[in-house]
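Using my numbering, read the sequence shown as starting at 2 and increasing by one per residue.
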Amino acid sequence: MNAPVRMVSETANPDTALIDDWHVIGFSKDVPSGKVVPATLLGEDLIMWRDAAGQVHVWKDLCIHRGARLSKGWIANDTVVCPYHGWRYDGSAKCVLVPAAPDQPPPLKARAFPHRIEERYGMVWASLGEPKHGVPVFPEWTDSSFRKFNTGPYLFKANGFRSVENFIDATHFPFVHGGLNGVEDAPDKVEDYKVFEDDNGISTSGIRVYQPYGDHRQVPVNATYIYRVFRPLVAYFSKAVEIADAGKRHLGSPEDRFCTFLTAQPVDEVNCIIRLCVAINFGSDLTEEDILRRQDKVFSQDKDIVETQRPERIPVDLRAEIHHRTDKFGLAYRRWLGALGLTYGIA
Ligand code: FES
Ligand SMILES: [Fe+2]
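What follows is the structure, given as structure tokens:
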């Protein structure tokens, strides 16, 4: 994938809280065996590769011999081959062959730089440090009544926190997603709702809006969103969808839910990659194409706006920008980021 191109000036060092966290850097399907896949996380260039046993490895994109990029290398005999002098590194990150001295054991210090990895929800999660939390739990993942779809990646030339804040904001629907998630000429009045905080992040009570094309069935719905932010760059909503058209209401069920788990990969302070896992327990006739078409449209509309926001880094000093009662959850998000003491990606 081509790197996003919003230019960063004078970048800060990533905070320990972000280093010691899990971040999605790819979909599992994008890391087939036999391929070296580049990625960038918090300004650090990485490679991903899958060994013959199916385990994914995430390493610094650097060969310790002369500093060449392993991302320009390839896989041979279940090892990563450096493109410069052909040194080979196995799944334990150890150099197992120096081709110019094939009869001698390679130096013990000749090792790649591995990071922690987990595969969950069809996504590759990596941490550059020592994670203090597990990978957040996507509640519907283990519920077999929900079909799951990975959507994205969406490259946002935008700050990851601003992108997450956009995802948890129900008042932009009529304007950014008019005709889909809201009606521009008749924007919903958003009633007050509650915000909660616990060990699992911050969340809301139900936020109800009307959506003319609120899900992939192309029917108008009354949607009730419950949002949650698990980690600074991992968020979620569960949306209860009730068909608004009385004549078609029998086609739905009170249990119908459309749930979305969103991750923002902080490429650097002002670029991120959005990846989602969507879980749906209705519309069994909907195809993956139907789902992707709508997701791609909604996220391209979000991208168009979020890429224009300035300052590029999110302000968490509440004196910056104007906050309205209806920004309650976004405000809680900024307070929560501020309380984590983050500085990277923060204005
Ligand atoms: S720089 Fe990698 S083998 Fe020499
Ligand atoms: Fe949006």
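Glycine included, C-beta positions come from ideal geometry on N, C-alpha and C.
Distances between the C-beta of residue 25 and the heavy atoms of ligand 2 are all 7 angstroms or more. If the five residues before and after residue 124 are omitted, its C-beta is found closer than 8 angstroms to the C-beta atoms of 25, 27, 28, 29, 151, 264, 276 and 278, all from its own chain and listed in chain order. Note that the C-beta distance between residue 313 and residue 12 is not below 8 angstroms. The Cβ-Cβ distance between residue 287 and residue 178 does not fall below 8 angstroms. Scanning its chain for C-beta atoms nearer than 6 angstroms, with the 5 sequence neighbours on each side dropped, one finds around residue 70 the residues 62, in chain order. In the three-state reduction of the DSSP assignment, residue 327 falls in the helix class, which pools H, G and I.
For residue 205, the CB contacts under 7 angstroms within the same chain, skipping 5 residues up- and downstream, are 194, 195, 196, 227, 228 and 330 in chain order. DSSP links residue 120 through a beta bridge to 125. Residue 177 has its Cβ nearer than 7 angstroms to a heavy atom of ligand 2. Excluding five sequence positions before and after residue 133, the CB atoms of its chain that fall closer than 7 angstroms to its own CB belong to 21, given in chain order. Judged by the Cβ position, residue 342 fails to qualify as a neighbour of ligand 1 at the 7 angstroms threshold, every heavy atom of the ligand being at least this far. Beyond the five residues adjoining it in sequence on each side, residue 225 comes within less than 6 angstroms, by CB distance, of 207, 209 and 241 in the same chain, given in chain order. Counting other Cβ atoms within 10 Å of its Cβ, residue 102 stays below 16 and is therefore classed as exposed. For the pair of segments examined, the segment 80 to 93 was found to touch the segment 107 to 125: the number of CB pairs separated by less than 8 angstroms reaches three.
A Cβ-Cβ distance of about 7 angstroms is found for the pair residue 211 and residue 184, placing them in contact under the 8 angstroms criterion. Per the DSSP secondary-structure output, residue 225 pairs in a beta bridge with 209 and 241. Residue burial is scored here from C-beta neighbours: residue 267 has at least 16 other C-beta atoms within 10 angstroms and is therefore classed as buried. Every residue whose Cβ sits closer than 7 angstroms to any heavy atom of ligand 1 is listed here in chain order: 64, 66, 67, 68, 69, 83, 85, 86, 87 and 88. Nearest Cα to residue 131 within the set 139, 119 and 138: 119.
Assignment of residue 235 by DSSP, reduced to helix, strand and coil, places it in the strand class.
Remark: three or more beta-carbon pairs, one from each stretch, lie closer than 8 angstroms, so the segment 304 to 319 and the segment 142 to 161 are flagged as touching. Taking a contact as a CB-CB distance under 8 angstroms, the pair residue 47 and residue 37 does not count as one, their CB atoms being some 11 angstroms apart. Within the same chain, 244 come within 6 angstroms of residue 253 by CB-CB distance, once the 5 residues on both sides are set aside.
Within 10 angstroms of the beta-carbon of residue 338 lie 16 or more other beta-carbons, which makes it buried. Distances between the C-beta of residue 303 and the heavy atoms of ligand 2 include at least one below 7 angstroms. Unbroken alpha helix (DSSP H) stretches of 4 residues or longer found wholly inside the segment 148 to 180: 161 to 168 and 174 to 177, given in chain order.
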